[in-house]
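Q: Can you read through this structure? Questions will come right after.
Residue numbers (the working numbering), protein chains in the order written: chain A, 857 to 1315; chain B, 5 to 344.
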């Protein structure tokens, strides 16, 4: 009895100290120096105690990985907030969107932030991929390159599944047209479509599937891959760099110099996205009416390049080119094993020149192909050659040829496999960006209109 | 690059502080903006006009009898305030006419008659004004009669003379020949599109469809009714009211707590012959009507080469012939009663 009360008194009187020790485990043993603080901190899972000065410089990576991670975190928080109100039923979805838009406190802001963070994540992941490829930073980090590609794929999946959820005309028809692209995928196209939509049409089954993928499966996969991605960076020795001494490779404490830099970047990404979200809200169109197709039916902007390619040839746009892209990206670290120029933007000076020329060539080729295709058209130009030819001779297949030529000629001129693959990749990316822009300009009946031209009135 | 580590730390901390302050400023702006929306201003104006002291604003919402949420009362604060009827208030605050008191008491709500999007709180979107991207635009007099058909069979109750007149014109002008309203879905188009499946079109669109069909549908073979309606502008309005009532969304199952009001039901099923060949109703009598008014019908517009001979019965008209199966469905219902 007495023992109990005295023990309780001791615990109560020692509460302040015990709280401090309990909430900051290890502080008593290791002291309070910067190094020991970092060693105790969760950040130590991600960063070593010391990093190179090069790692602190903004131009080294542009912080693109941190930007995409920040966007992901914002998406998680805003997404959970939206989940409080959103109902994934064909009858309720649009009404719950209207609730979020009109009656929920700060609902439009949270929704706009979610949308802008999603777009920021897609763009920063693409740029991150380009940065890593251009520096050959996949050398010795093949697994992490593949994990990164997986993250990119999941991000695309998240964006696409999220696009359907508002259940307005724009989202419904965008997903319908994207899903119909699967019709052109040989062998498993139909099964894939069934799996994705829970049937052959976009309905309740599809909405529920997209919702489940969007809020549970894909984010969980993304979290797991992010953990592996960050862990691998540390296991692989931090940022990729050329071996050697120099002031750049001098070590400085990660805390506070790197950690605060990253925090600062995260904070300003949040500030920038909040400001954009406050200024530009997310649109909510008319409720779904399956009898009134939107004209044009447009895929989400990040799939517009595929839709534009499909408008030339379904097999090419929906299957051949995406498959080539994926194969090329997966194969890249295994086909290029050069150590020279690692960690520098677009490698050696010769490599840089080759990539620049390829990029310019891609722009020229794109303009030439499009002018030829739109002016002459498959009707005049290719009809004489038979029905098979528009499938084979069009700007999309032209892109493959140009990328191939750029890769081969860069490779021969520089003797570098990196220069070859980077040239090919840059040609593809430049031309796909061009196809996306053309897709943006497509009006009713997929006719090209300049942005300053109005579309003819459609009901 | 030489790096002064102490200076660097200080700079980073200042950056964090500035960032946090800017973030707070942005969020504060967003919050302030959210408290100054259109409906909040409207509520403040209303309470200052009526002299009722209120310090806070709130969204006023309630489901109508179909279960759909409506927020109209948030701005239209005076709609049910019959005590304010004498006051000279702006239109948005005026109280509702007492003629529809029964509907108001039964919880019919606003959207069921007036159209618009009850959940929205932005006047452009909630009223579904042009450019707002929303279907089901707000209906003014006399077009609001079209809304009666959301629940009532046209003519079954008092107070919808223009709708009934429109239905009669629809038959007399022969619209029914190409737009039969009675066969199931898109697969059985005869000449014109199925008017039950077009969704809610704007008044302007419907009007253009009548006076200049090719403007909405390039290559349309539908004859223009421009000349006819220029003599009868009132009839144009009647037909428009009827057309609006066809493509209007039905209000849903509104059984008023199990006690059905006479003439209340689902308009599509009751009047326009529902899916799968079931049901049937008043408009099916158009077939009888076609036979009776053959000479007045503008058959030549559709059958330039094969004008049915007068007095031969409906059998000659291929449309009527094709729809014979439907006649049987409808004629079980109420043989001989007049259309409309």
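Glycine included, C-beta positions come from ideal geometry on N, C-alpha and C.
Where are the alpha helix (DSSP H) runs, 4 residues long or more, that stay fully inside the region 1244–1285 of chain A, in chain order?
A: If we require 4 residues or more, the alpha helix (DSSP H) runs fully inside the region 1244–1285 of chain A come out as 1245–1248 and 1251–1270.
Q: Of the choices B:105, B:75 and B:238, whose alpha-carbon is the least far from that of residue 85 of chain B?
A: When only C-alpha atoms are compared, the closest one is B:105.
Q: Relative to the C-alpha of residue 250 of chain B, which residue among B:29, B:114, B:144 and B:170 is closest?
A: Checked all of B:29, B:114, B:144 and B:170; the closest Cα to residue 250 of chain B is B:170.
Q: For residue 217 of chain B and residue 234 of chain B, what's the separation of their Cα atoms in angstroms?
A: If I take the Cα positions, the gap works out to 16 Å.
Q: Residue 965 of chain A versus chain B: which residues are under 8 Å apart at the beta carbon?
A: Within chain B, the residues near residue 965 of chain A are 34 and 38.
Q: Does DSSP classify residue 1164 of chain A as helix, strand or coil?
A: It is helical.
Q: Under 8 Å between the Cβ atoms of residue 931 of chain A and residue 977 of chain A?
A: Yes, Cβ-Cβ distance for residue 931 of chain A and residue 977 of chain A is below 8 Å.
Q: Just to confirm before moving on: does the CB-CB distance between residue 1104 of chain A and residue 908 of chain A stay below 8 Å?
A: Cβ distance < 8 Å, so residue 1104 of chain A and residue 908 of chain A count as in contact.
Q: Using a Cβ distance threshold of 8 Å, determine whether the region 112–128 of chain B contacts the region 71–81 of chain B, with at least three qualifying pairs required.
A: They touch, by the three-pair rule.
Q: Any residues in the region 1107–1139 of chain A with a beta carbon nearer than 7 Å to a beta carbon of chain B? Which ones, in chain order?
A: Listed in sequence order: 1108, 1112, 1113, 1116, 1117, 1119, 1120, 1123, 1124, 1126, 1127, 1130, 1131 and 1134.
Q: What are the partner residues of residue 1109 of chain A, as DSSP defines its beta bridges?
A: According to DSSP, which records beta bridges pairwise, residue 1109 of chain A is partnered with A:906.
Q: State the DSSP-derived secondary structure class of residue 867 of chain A, mapped to helix, strand or coil.
A: Here residue 867 of chain A sits in helix by DSSP.
Q: To which residues of the same chain is residue 1282 of chain A closer than 6 Å at the C-beta, ignoring the five residues directly before and after it?
A: For residue 1282 of chain A, where only same-chain residues beyond five positions count, the Cβ hits under 6 Å are 1211, 1214 and 1215.
Q: Measuring CB atoms only, is the region 1077–1092 of chain A touching the region 882–895 of chain A, in the sense that at least three cross pairs come out at less than 8 Å?
A: Short answer: they don't touch.
Q: DSSP three-state call for residue 100 of chain B: helix, strand or coil?
A: In the structure shown, residue 100 of chain B sits in coil (DSSP, three-state: anything other than H, G, I, E or B).
Q: Span of the alpha helix (DSSP H) holding residue 233 of chain B?
A: 230–235 is the extent of the alpha helix (DSSP H) around residue 233 of chain B.
Q: Would you check if the distance between the CB atom of residue 905 of chain A and the CB atom of residue 894 of chain A is smaller than 8 Å?
A: In contact: residue 905 of chain A and residue 894 of chain A (Cβ atoms closer than 8 Å).
Q: For chain B, find out if any of its Cβ atoms is closer than 8 Å to the Cβ of residue 962 of chain A; answer yes or no.
A: For residue 962 of chain A, the answer is yes, since a Cβ of chain B falls inside 8 Å of its Cβ.
Q: Give the interface partners of residue 73 of chain B over in chain A, defined as CB-CB distance under 9 Å, in chain order.
A: Correct list: 951, 954, 955 and 959.
Q: Does residue 89 of chain B have its Cβ less than 8 Å from a Cβ in chain A?
A: No - not a single Cβ of chain A is within 8 Å of the one on residue 89 of chain B.
Q: Closer than 8 Å, CB to CB, is residue 973 of chain A near chain B or not?
A: No, because no Cβ of chain B sits closer than 8 Å to the Cβ of residue 973 of chain A.
Q: Using only the alpha-carbon positions, how far apart do residue 958 of chain A and residue 945 of chain A sit?
A: Their Cα atoms are separated by approximately 19 Å.
Q: So, using beta-carbon positions, are residue 242 of chain B and residue 173 of chain B closer together than 8 Å?
A: Result yes, Cβ atoms of residue 242 of chain B and residue 173 of chain B sit closer than 8 Å.
Q: In chain A, which residues lie with their C-beta within 7 Å of the C-beta of residue 63 of chain B?
A: Per Cβ cutoff of 7 Å: 959.
Q: Please confirm whether residue 125 of chain B has its beta-carbon closer than 8 Å to some beta-carbon of chain A.
A: Chain A contact via Cβ: present.
Q: Alpha carbon to alpha carbon, what distance is there between residue 182 of chain B and residue 321 of chain B?
A: Because the pLDDT of residue 321 of chain B is 44, which lies under 50, any placement of that residue in the model is unreliable, and the number read from its coordinates should be weighed accordingly. Rounded to whole angstroms, residue 321 of chain B to residue 182 of chain B spans 11 Å at the Cα level.
Q: Can you tell me which of the three DSSP states residue 964 of chain A falls into?
A: Helix.
Q: Between residue 1197 of chain A and residue 1207 of chain A, how many whole angstroms is the CB-CB distance? I'm expecting something under 8 Å.
A: At roughly 6 Å, the Cβ-Cβ gap stays under 8 Å, so residue 1197 of chain A and residue 1207 of chain A are in contact.
Q: Tell me which residues share the same chain as residue 1159 of chain A and place their Cβ nearer than 6 Å to its Cβ, disregarding the 5 neighbours each side in the sequence.
A: Same-chain partners within the cutoff: 1034.
Q: Given that residue 1141 of chain A touches chain B, what residues does it touch there, using C-beta distances under 8 Å?
A: Those within 8 Å of residue 1141 of chain A in chain B are 137.
Q: My output table needs one value for residue 1225 of chain A: the three-state DSSP class, helix, strand or coil.
A: Residue state, collapsed to three classes: helix.
Q: Along chain A, which residues have their Cβ under 9 Å away from the Cβ of residue 250 of chain B?
A: The premise fails here: residue 250 of chain B is roughly 13 Å from chain A at the closest Cβ pair, so nothing lies under 9 Å.
Q: Taking 8 Å as the CB-CB limit, is residue 218 of chain B close to chain A?
A: Not one chain A Cβ lies under 8 Å of residue 218 of chain B.
Q: Between the Cα of residue 197 of chain B and those of B:206, B:177, B:94 and B:221, spot the shortest distance and give me the residue it belongs to.
A: Here the closest residue by C-alpha is B:221.
Q: So, using beta-carbon positions, are residue 34 of chain B and residue 965 of chain A closer together than 8 Å?
A: Taking 8 Å as the Cβ cut-off, residue 34 of chain B and residue 965 of chain A qualify as a contacting pair.
Q: Whose C-alpha, out of B:101, B:96, B:61 and B:92, is nearest the C-alpha of residue 44 of chain B?
A: Closest by alpha carbon: B:61.
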